[in-house]
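Listed in order, the protein sequences are those of chains G and D. Its first residue numbered 41, the first sequence is counted upward by one per residue in the numbering used here. Its first residue numbered 41, the second sequence is counted upward by one per residue in the numbering used here. Ideal placement from N, C-alpha and C gives every residue a C-beta, glycine not left out. Below is one structure, written out as structure tokens; the observations come after it.
Protein chains: 2
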Amino acid sequence: MQSIKKLKPLAAIVGAGRTKFGELWYKNPEELLTEAGLKAMESVEYGLKRKDIQACYFGSFLYQVTNKLALIPGYMSRELGMNIPMSNTEAACGSGGSALYNACLGIRSGEYDVALVGGFEKMTDRAGKIIDDLMFAGDPHEFDAGYTFAGLYASMMARYIHDYGDDHGSGDRCREALALVACKNHHHAVGNEYAQFRREFTVADVLNSPLVADPIRMLHCSPVSDGAVALVVVSPDVAKKYTDTPIYVVGSQQATDDVSICSRESLTGIKATRLAMEKVLKETGMTMRDIHLAEVHDCFTIEEIFFLEDSGFCKKGDGWKTVYDSYESFKGSKHIPYVNGDKELVVNAGGGLKADGHPVGATGVRQVYECFKQLRNEAGGNQVDRELNVALCHNIGGTGGIATVHILVRELQ
Amino acid sequence: MQSIKKLKPLAAIVGAGRTKFGELWYKNPEELLTEAGLKAMESVEYGLKRKDIQACYFGSFLYQVTNKLALIPGYMSRELGMNIPMSNTEAACGSGGSALYNACLGIRSGEYDVALVGGFEKMTDRAGKIIDDLMFAGDPHEFDAGYTFAGLYASMMARYIHDYGDDHGSGDRCREALALVACKNHHHAVGNEYAQFRREFTVADVLNSPLVADPIRMLHCSPVSDGAVALVVVSPDVAKKYTDTPIYVVGSQQATDDVSICSRESLTGIKATRLAMEKVLKETGMTMRDIHLAEVHDCFTIEEIFFLEDSGFCKKGDGWKTVYDSYESFKGSKHIPYVNGDKELVVNAGGGLKADGHPVGATGVRQVYECFKQLRNEAGGNQVDRELNVALCHNIGGTGGIATVHILVRELQ
Numbered sequence: 041m042q043s044i045k046k047l048k049p050l051a052a053i054v055g056a057g058r059t060k061f062g063e064l065w066y067k068n069p070e071e072l073l074t075e076a077g078l079k080a081m082e083s084v085e086y087g088l089k090r091k092d093i094q095a096c097y098f099g100s101f102l103y104q105v106t107n108k109l110a111l112i113p114g115y116m117s118r119e120l121g122m123n124i125p126m127s128n129t130e131a132a133c134g135s136g137g138s139a140l141y142n143a144c145l146g147i148r149s150g151e152y153d154v155a156l157v158g159g160f161e162k163m164t165d166r167a168g169k170i171i172d173d174l175m176f177a178g179d180p181h182e183f184d185a186g187y188t189f190a191g192l193y194a195s196m197m198a199r200y201i202h203d204y205g206d207d208h209g210s211g212d213r214c215r216e217a218l219a220l221v222a223c224k225n226h227h228h229a230v231g232n233e234y235a236q237f238r239r240e241f242t243v244a245d246v247l248n249s250p251l252v253a254d255p256i257r258m259l260h261c262s263p264v265s266d267g268a269v270a271l272v273v274v275s276p277d278v279a280k281k282y283t284d285t286p287i288y289v290v291g292s293q294q295a296t297d298d299v300s301i302c303s304r305e306s307l308t309g310i311k312a313t314r315l316a317m318e319k320v321l322k323e324t325g326m327t328m329r330d331i332h333l334a335e336v337h338d339c340f341t342i343e344e345i346f347f348l349e350d351s352g353f354c355k356k357g358d359g360w361k362t363v364y365d366s367y368e369s370f371k372g373s374k375h376i377p378y379v380n381g382d383k384e385l386v387v388n389a390g391g392g393l394k395a396d397g398h399p400v401g402a403t404g405v406r407q408v409y410e411c412f413k414q415l416r417n418e419a420g421g422n423q424v425d426r427e428l429n430v431a432l433c434h435n436i437g438g439t440g441g442i443a444t445v446h447i448l449v450r451e452l453q
Numbered sequence: 041m042q043s044i045k046k047l048k049p050l051a052a053i054v055g056a057g058r059t060k061f062g063e064l065w066y067k068n069p070e071e072l073l074t075e076a077g078l079k080a081m082e083s084v085e086y087g088l089k090r091k092d093i094q095a096c097y098f099g100s101f102l103y104q105v106t107n108k109l110a111l112i113p114g115y116m117s118r119e120l121g122m123n124i125p126m127s128n129t130e131a132a133c134g135s136g137g138s139a140l141y142n143a144c145l146g147i148r149s150g151e152y153d154v155a156l157v158g159g160f161e162k163m164t165d166r167a168g169k170i171i172d173d174l175m176f177a178g179d180p181h182e183f184d185a186g187y188t189f190a191g192l193y194a195s196m197m198a199r200y201i202h203d204y205g206d207d208h209g210s211g212d213r214c215r216e217a218l219a220l221v222a223c224k225n226h227h228h229a230v231g232n233e234y235a236q237f238r239r240e241f242t243v244a245d246v247l248n249s250p251l252v253a254d255p256i257r258m259l260h261c262s263p264v265s266d267g268a269v270a271l272v273v274v275s276p277d278v279a280k281k282y283t284d285t286p287i288y289v290v291g292s293q294q295a296t297d298d299v300s301i302c303s304r305e306s307l308t309g310i311k312a313t314r315l316a317m318e319k320v321l322k323e324t325g326m327t328m329r330d331i332h333l334a335e336v337h338d339c340f341t342i343e344e345i346f347f348l349e350d351s352g353f354c355k356k357g358d359g360w361k362t363v364y365d366s367y368e369s370f371k372g373s374k375h376i377p378y379v380n381g382d383k384e385l386v387v388n389a390g391g392g393l394k395a396d397g398h399p400v401g402a403t404g405v406r407q408v409y410e411c412f413k414q415l416r417n418e419a420g421g422n423q424v425d426r427e428l429n430v431a432l433c434h435n436i437g438g439t440g441g442i443a444t445v446h447i448l449v450r451e452l453q
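Encoded structure:
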């Protein structure tokens, strides 16, 4: 890594707030977003008045279909009592990361010093219909071919087991590793007061849970959730006005790829992740060895293993072995890091999409919330007991049509 | 006006392309956007390779509901064969303006020098259902109260006639002025080869057209349309590399307001327009006297009159008189400017939303396309026969939940 002292921060985070994730029947989406936004503002150490906010960036996915509303800037203008510029970006499950990405560009433009960034989704009202809705994150041709969204990931998981799991015959240990990702993330969520699910599961629980789309079972899947998260993002120049411990954004990158898995180069990895990771590591001069904590897009457990490989933490095909061996070594620890040689990485300290919950548009912002709290040593009972100075957030949309990566640091020197 | 020489350009436009607007049954939305994007790239004077594009900003409104798709970055990654960062903003009818607004911030951040900006909408497939869909640009409570989207504007138009039209008794001349906006814009569209409607209408045609929501009749309304428009937007520093005649963006502002008309301060104007206009005139040091051409959000004819007043071109309540008197003075001219004292302003030179068409997400970008062509003297048979150096684009979302304003100039000195 280049000396972190030389890193030029792009933006700084000085406040963060979130709702609980889960089935939040009694609140409208704009109320959830407002709750998170006000909590983020109130969390600012030296105070932040509503009039200090100069712009808002929101991310959400299915609000038109699931909530019959659009023009989120108009709703949030009313809820927050503000007439400032507001933008809402939609990038399926990557909507939250997209909002932060655009906020960082807005801050860097010099037009604003202080922005509110929020992600939200209210999905549970739709009950079973959400399964069809989620296919909007795929290609209509995939839908017409009979795919569900889980089915798309099932194709990728099956291919991964086929290509890389069979050095153990049946692929059983690979399948066990794919279950262990869920066990680990549920284990991490037990201490997270906002998480949708705070209970442990065993490998047997996962492998005996109902089949969704072979080989994906229910406990390989992230849940359908409601929730919202918000951040106060400011120019690095003014950060110390708001707190003694800003968390700096030093890398912010995005890449895209074909919306459909049919014409991808490979089913066993996400090209957009690989490209965004290459760019963000180049931008910061870091390697994966420099990252202490990663919040990773584990919409299905295979996706967390893809990340380990796409990011360069493991070699292609070795991700599942890393999961397996790391779990064995650290079973029972408060947090279970992934270990590869001398590289150690805590992944999804708060439970990830899998256990913390996956209100789609909120997820990319929730990942940053988690890193912000962990890096500031404010994660309470769920604080990671390790040195944490550099964290990475990895948010993807659909089956990998978009990937956004952010790198956050506590200490610049 | 301050010397334009002192203006600091925020970005420069070096290419523009669009599809025809209308009922485009045989093309998917992503195909329309690709067609516009490729045309924009091909229009660049000194050439632009696909790999020169570093980021894309798209705007669209109802694609999820009307076209059953989301994650536009994934579609456009495939269509354009690019893996670069892409963002899609939704701000109802203001989605296109929002995309350009964010692109300008992206360019100003220094992260990119060259961006593609696109807006699109494919609405006609939905036939009658689009009337319900469009209420997503309002508040669900307004929908539940029985409003259509036209109904919301009808409330505003009725109130305007009541408050400001009655110095002539019945308000008949005010009603005539509200029809003349449509006559003028249809007149302007006759020479526009891309326009959805290229025919003239008389005041009698408008006032005898079917009643949609009293006092709004069919010919007060912009149509339901398909179409896409794209721009190549670059850093001012590199603009001359691409063309000898870049069009500079010197002002880019946005403001928001309550999504619902129920709790607005006034029904007879758009607060978000007023705020965005105040900011953009301050940003550029201009007054409305400096603007030669304005592309204005005339979703319903009342909205064009609101703009004249909200922008400060006319005093509150005088907009309809300006329309009436100007039309009388310039009847038969190729373009009919609005005149107020020594201020003259050509509005909607290509026909506006009313006659050029209103594929919702494309509109804010189409306005910039029109100004780009007019300022470069490339509007062909529809070129305005006046000195044109400064143009303004005004795009709003919903009934005024958001407003985006851009000021463009040809010559900086």
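Segment limits, beta strand (DSSP E) that includes residue i
i: Ile-436/G; result: 430 to 437
i: Ala-268/G; result: 266 to 274
i: Ile-93/G; result: Taken as a continuous stretch (DSSP letters only), Ile-93/G belongs to no beta strand (DSSP E), as it is neither H nor E.
i: Thr-444/G; result: 442 to 449
i: Leu-385/D; result: 383 to 387
i: Glu-161/G; result: 154 to 162
Proximal chain G residues relative to residue i, where beta-carbon distance stays under 7 Å
i: Pro-250/D; result: The premise fails here: Pro-250/D is roughly 27 Å from chain G at the closest Cβ pair, so nothing lies under 7 Å.
i: Ser-456/D; result: Missing from the structure shown is residue 456/D; chain D here goes from 41 to 453 and no further.
i: Asn-142/D; result: Ser-127 and Asn-142
Minimum C-alpha distance to residue i - residue among the options
i: Ala-268/G; options: Lys-46/G, Gly-57/G and Leu-50/G; result: Gly-57/G
i: Ala-217/D; options: Leu-415/D, Val-54/D, Lys-67/D and Val-363/D; result: Val-363/D
i: Gly-372/D; options: Val-230/D, Ala-334/D and Cys-214/D; result: Val-230/D
i: Ile-310/D; options: Glu-323/D, His-260/D, Tyr-193/D and Ile-287/D; result: Tyr-193/D
C-beta contact flag for residue i and residue j at 8 Å
i: His-226/D; j: Gly-391/D; result: yes
i: Glu-344/D; j: Val-221/D; result: yes
i: Val-289/G; j: Cys-144/G; result: yes
i: Gln-414/G; j: Val-430/G; result: no
i: Glu-130/G; j: Phe-101/G; result: yes
i: Cys-133/D; j: Gly-357/D; result: no
i: Gly-14/D; j: Ala-312/D; result: The structure shown has nothing for residue 14/D, since chain D only spans 41 to 453.
i: Met-163/G; j: Ser-265/G; result: yes
i: Tyr-103/D; j: Asn-142/D; result: no
i: Val-246/D; j: Cys-223/D; result: yes
i: Ala-95/G; j: Ile-124/G; result: yes
i: Ala-38/D; j: Pro-276/D; result: No information on residue 38/D is available, as it lies outside the stretch 41 to 453 that chain D covers here.
i: Gly-291/G; j: Ile-447/G; result: yes
i: Pro-255/G; j: Arg-215/G; result: yes
i: Phe-38/D; j: Met-196/D; result: In this structure chain D extends from 41 to 453, so residue 38/D is not present and cannot be described.
Contact list for residue i against chain D, beta-carbon separation under 7 Å
i: Ala-177/G; result: Ala-110 and Leu-111
i: Leu-145/G; result: Leu-145, Gly-146, Ser-149 and Glu-151
Min CB distance residue i to chain B below 8 Å
i: Gln-294/D; result: Protein chains in the displayed structure are G and D, and chain B is not among them.
Endpoints, alpha helix (DSSP H) assigned at residue i
i: Met-122/G; result: Run containing Met-122/G: none; DSSP gives neither H nor E here.
i: Gln-407/G; result: 400 to 415
i: Arg-213/D; result: 212 to 229
Chain-ordered chain D contacts of residue i [CB-CB under 8 Å]
i: Phe-101/G; result: Ala-110
i: Leu-315/G; result: Asn-123
i: Arg-166/G; result: By Cβ distance, chain D contributes nothing, its closest Cβ being about 13 Å from Arg-166/G, past 8 Å.
i: Asp-298/G; result: Gly-114, Ser-117 and Arg-118
Integer Cβ distance of residue i from residue j, believed to fall under 8 Å
i: Asp-330/D; j: Lys-394/D; result: Not quite, the Cβ-Cβ distance comes to about 25 Å (not below 8 Å), so this is no contact.
i: Glu-70/G; j: Met-116/G; result: 7 Å
i: Val-274/G; j: Val-449/G; result: That belief does not hold up - the Cβ atoms of Val-274/G and Val-449/G are roughly 15 Å apart, past 8 Å.
i: Ala-334/D; j: Ala-443/D; result: Incorrect: roughly 13 Å between the Cβ atoms, too far for contact.
i: Phe-353/D; j: Tyr-378/D; result: 7 Å
i: His-228/D; j: His-375/D; result: 6 Å
Neighbouring residues, chain G, relative to residue i (Cβ below 9 Å)
i: Ala-131/D; result: Ala-110, Leu-111, Ile-112, Pro-113, Gly-114, Met-126, Ser-127 and Asn-128
i: Ser-303/D; result: Arg-118
beta-carbon residue i near the ligand ADP non-hydrogen atom, thresh 7 Å
i: Arg-450/D; result: Here there are no bound small molecules, and the ligand ADP is not part of this structure.
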